[in-house]
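In this note's numbering, the protein residues as written are 21 to 116.
Idealized CB from N, CA, C, for every residue including glycine.
These numbers were taken from a predicted model, which means no experiment stands behind them.
Have a look at the structure below, then the notes.
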């Protein structure tokens, strides 16, 4: 790998240039561009100029755990009863 071309590819990617334009400009394929970006950043990402945005909160501000459910199983059908013929008690329609 030519270090000068790799450096130019990284600069172009950081400036937001699309992969197809970089490929045409330096006469390289997408796999080569991915390899250069992976060696530079440690991971293969499409846009290395994006900044990481962390989440400050893991829950919404006024979050309360639900105490009831909206699920209702009034009529489950004949398949909902336990039958030893179906391993794991799956519906006979799901594994097919």
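| query | result |
| --- | --- |
| Candidates 31, 64 and 21: closest to residue 48 by CA position | 21 |
| Segment contact flag, the stretch 28-39 with the stretch 54-64, C-beta cutoff 8 Å, min 3 pairs | yes |
| Supposed contact pair residue 25 and residue 33 - C-beta distance, whole angstroms, cut 8 Å | About 12 Å separates the two Cβ atoms, so there is no contact after all. |
| For residue 23, the three-state DSSP class (helix, strand or coil) | helix |
| Close beta carbons around residue 46, own chain, < 6 Å, minus the five adjacent residues each side | 25 |
| Backbone secondary structure at residue 78 - three-state DSSP | coil |
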